[in-house]
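Sequence lines, in order, name chains B and P. This note's numbering applies: residue 20 is where the first sequence begins, and numbers increase by one. This note's numbering applies: residue 20 is where the second sequence begins, and numbers increase by one. In this text, a Cβ means the ideal position worked out from N, Cα and C, and glycines have one as well. Quantities reported herein were computed from a predicted structural model and do not represent experimental measurements. What follows is a short report on a single structure.
There are 2 protein chains.
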Amino acid sequence: MVVKVFGPDCGNPKRVLVCLIEKGVEFETVPLDLFKGENRAPEFLKLQPFGSVPVIQDGDYTLFESRAIARYYAEKYKHQGTDLLGRTIEERGLVEQWLEVEAQSYNPPINDLARKIVVGPLRGLTPDPKLIKENEEKLGKVLDVYEERLSKSKYLAGDFFSLADLSHLPMTQYLVGKMEKEYLIRDRKNVSAWWNDMSSRPSWKKVVELWPGLY
Amino acid sequence: MVVKVFGPDCGNPKRVLVCLIEKGVEFETVPLDLFKGENRAPEFLKLQPFGSVPVIQDGDYTLFESRAIARYYAEKYKHQGTDLLGRTIEERGLVEQWLEVEAQSYNPPINDLARKIVVGPLRGLTPDPKLIKENEEKLGKVLDVYEERLSKSKYLAGDFFSLADLSHLPMTQYLVGKMEKEYLIRDRKNVSAWWNDMSSRPSWKKVVELWPGLY
């Protein structure tokens, strides 16, 4: 049974795509045009009542929320492809800790920056330099903690690439690309080495090549 | 070895406390006064570099982020106390899905409301009725999805109480209590039954009794 991934061409679905590639799980993508409101169509709302992407269908099993989907495949195929959860319950705990930091502290200021720098101007809005500066500073503080952490271990949860690192890929790509804020990464030696390492993985290069998409 | 929980008297730490009680894990609490900035002290920042609560210390293992800690104990003591993760990988997937909904969609508008309704006035700020209304509407839309979901199963991830439900306890208590927004729960039949059921659990009653705290 081939896994169906709905809505591939933006950040959150790419978290799922790169995970499936790392795990060697066969999948197909089902594009959804958010600008045309296809995510608000009644058929789609039956799969995802909030109208968000991604959603997966795997036989008669449906799941949404990108980090929940990534955890599901990392666990279902624990012994296939890259192990993304750590070898022990304690390592898994640290993977979950940094996955939560990504979701709660890293992602929100990037999302806010994206809205102000890229999406706003597309809709004719003038970016507010004060709000941009505030979010850059907020993100910078998070990256300072990462810089210190990555001076002690190669990846966030330890010396192994995990779901915690993987989960940073889509929005960091956006940050250093279309948002033109590469300096936030480049000016931090350990963060920069971490980003160069994980963005060079064949799985991520494939996602960027096949789905250049919105970001 | 008794688990130490730092910073019990606010919402996120209570997510950990109720989980530990459900799992029958012995613990002690280490109070931190956030208003005095004890969470910014160098010793504390060694445990939690962002200066947030909760943090746990379990022997020489340290972990932060409330939902990561809750997952860790739910997995470590899988066969002790209440099973909070589901019986299969598919059930765990649904637990993770609704746990993400709580973290990403339910919690943020309640946090915003808390800042505007309770914390702001404590600091002498006048609440902005427009912003309060916007967040109430945002939260109402999430609760509409819950109402529909809970018409099909007793709890969010299925017919079993899980980490996904448990994770809603602290902020919902705050919402119906100090924030005086009980109508958002009461006016929805299934959400109301769900809240009455889970807030009556001995574990939660114990948390409310022992740590009435800030909220």
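#1: List the whole-angstrom C-beta distance separating V120/B from I75/B, where the pair is believed to meet the contact cut-off of C-beta under 8 Å.
#2: Quick check on T107/B: does DSSP put it in helix, strand or coil?
#3: Between which two residues does the beta strand (DSSP E) holding K23/P run?
#4: Looking at the C-beta of Y91/B, does it have a partner C-beta in chain P at a distance below 7 Å?
#5: Could you tell me whether the Cβ atoms of V114/B and L162/B are closer together than 7 Å?
#6: To the nearest angstrom, how far is the alpha carbon of P68/P from that of V164/B?
#7: Among P231/P, P128/P, L36/P, which one has its Cα closest to the Cα of Y91/P?
#8: When you compare the CB of P68/B with every CB in chain P, is at least one pair closer than 7 Å?
#9: When the Cα atoms are used, what is the spatial distance from L16/P to K33/B?
#10: For G112/P and chain B, any beta-carbon pair shorter than 7 Å?
#11: If distances are taken between C-alpha atoms only, which option among G232/P, D178/P, W230/P, D147/P comes closest to D216/P?
#12: For N31/P, which option in G56/P, S85/P, L51/P, F25/P has the closest C-alpha, if you only look at C-alpha atoms?
#13: Can you look up F83/B in the DSSP assignment and give me helix, strand or coil?
#14: Between V210/B and chain P, is the shortest Cβ-Cβ distance under 7 Å, so that the two count as touching?
#15: Would T136/P count as contacting chain B if we go by Cβ distances under 7 Å?
#16: What are the residues of the segment 72 to 88 of chain B that lie near chain P, defined by any Cβ-Cβ distance shorter than 7 Å?
#17: Would P189/P pass as a contact of L158/P if the rule is Cβ separation under 7 Å?
#18: With a threshold of 16 other CB atoms inside 10 Å of the CB of K197/P, please say whether the residue is buried or exposed.
#19: Are the C-beta atoms of K95/B and some chain P residue less than 7 Å apart?
#20: What separation, rounded to the nearest whole angstrom, lies between the Cα atoms of L118/P and R207/B?
#21: Is there at least one Cβ from chain B nearer than 7 Å to Q116/P's Cβ?
#22: Inspect the beta-carbon positions of L64/P and F25/P and report whether they are closer than 7 Å.
#23: Interface residues of chain B around S124/P at Cβ under 9 Å?
#24: Measuring only between beta-carbons, confirm whether I129/P sits less than 7 Å from chain B.
#25: Run through DSSP, which three-state label would D77/B get?
#26: Rounded to whole angstroms, what is the Cα-Cα separation between L53/P and R142/P?
A quick look at the data gives this:
#1: For the purposes of this step, residue 120/B is identified with residue 101 of the first sequence, where counting begins at 1. For the purposes of this step, residue 75/B is identified with residue 56 of the first sequence, where counting begins at 1. With 8 Å as the limit, V120/B and I75/B do not qualify as a contact, their Cβ atoms being about 24 Å apart.
#2: On the first sequence, residue 107/B is found 88 positions in, with the first residue counted as 1. Residue state, collapsed to three classes: coil.
#3: Within the second sequence, the letter at position 4 stands for residue 23/P. Here the beta strand (DSSP E) through K23/P covers 22 to 25.
#4: By 1-based counting over the first sequence, the position of residue 91/B is 72. Yes, Y91/B lies at the interface with chain P (some Cβ there is under 7 Å from its Cβ).
#5: What you label residue 114/B is simply residue 95 of the first sequence in a count that begins at 1. What you label residue 162/B is simply residue 143 of the first sequence in a count that begins at 1. At a Cβ-Cβ threshold of 7 Å, V114/B and L162/B do not count as neighbours.
#6: The residue you call residue 68/P lines up with position 49 of the second sequence. The residue you call residue 164/B lines up with position 145 of the first sequence. A straight line joining the alpha-carbon of P68/P with that of V164/B spans about 7 Å.
#7: If you number the second sequence from 1, residue 91/P lands on position 72. Minimum Cα distance to Y91/P is reached at L36/P.
#8: Within the first sequence, the letter at position 49 stands for residue 68/B. P68/B counts as touching chain P.
#9: Any question about residue 16/P goes unanswered here, given that chain P covers just 20 to 234.
#10: For the purposes of this step, residue 112/P is identified with residue 93 of the second sequence, where counting begins at 1. True, the Cβ-Cβ gap to chain B drops below 7 Å.
#11: As a position in the second sequence, residue 216/P is number 197, starting the count at 1. Distances from the alpha-carbon of D216/P to those of G232/P, D178/P, W230/P, D147/P put D178/P closest.
#12: Within the second sequence, residue 31/P is the residue found at index 12, counting from 1. Each of G56/P, S85/P, L51/P, F25/P was checked against the Cα of N31/P, and the nearest Cα belongs to S85/P.
#13: Reading the first sequence from its first residue, position 64 is the one you call residue 83/B. Under the three-state reduction of DSSP output, F83/B falls in the strand class.
#14: By one-based count along the first sequence, residue 210/B stands at place 191. Judged by the 7 Å Cβ criterion, V210/B is not in contact with chain P.
#15: Translated into the one-based positions of the second sequence, residue 136/P becomes position 117. For the record, residue 136/P in the displayed sequence is Ile; it is not Thr. No, no contact with chain B.
#16: For the segment 72 to 88 of chain B, which is checked against every Cβ of chain P, the residues closer than 7 Å are Y80, L82, F83, E84, R86, A87.
#17: As a first step, residue 189/P is located in the second sequence; it is residue number 170 there, counting from the start. As a first step, residue 158/P is located in the second sequence; it is residue number 139 there, counting from the start. Cβ distance not < 7 Å, so P189/P and L158/P don't count as in contact.
#18: Start at 1 with the first residue of the second sequence, and residue 197/P comes out as number 178. K197/P is exposed by the Cβ-count criterion.
#19: Locating residue 95/B in the first sequence gives position 76, where the first residue counts as 1. True, the Cβ-Cβ gap to chain P drops below 7 Å.
#20: Against the second sequence, residue 118/P aligns to sequence position 99. Against the first sequence, residue 207/B aligns to sequence position 188. Approximately 33 Å, taken between the alpha carbons.
#21: Counting from one through the second sequence, the residue named residue 116/P turns up at place 97. Chain B contact via Cβ: present.
#22: Within the second sequence, the letter at position 45 stands for residue 64/P. Within the second sequence, the letter at position 6 stands for residue 25/P. Going by C-beta atoms, L64/P is not nearer than 7 Å to F25/P.
#23: By one-based count along the second sequence, residue 124/P stands at place 105. Those are F69, S71, listed as they occur along chain B.
#24: Numbered from 1 along the second sequence, position 110 holds the residue referred to as residue 129/P. Put simply, the CB of I129/P is far from chain B, with every gap to its CB atoms at 7 Å or more.
#25: Along the first sequence, one-based indexing puts residue 77/B at 58. Three-state DSSP puts D77/B in a strand.
#26: Residue 53/P sits at position 34 when you count from the first residue of the second sequence. Residue 142/P sits at position 123 when you count from the first residue of the second sequence. A straight-line Cα-Cα distance of about 14 Å links L53/P and R142/P.
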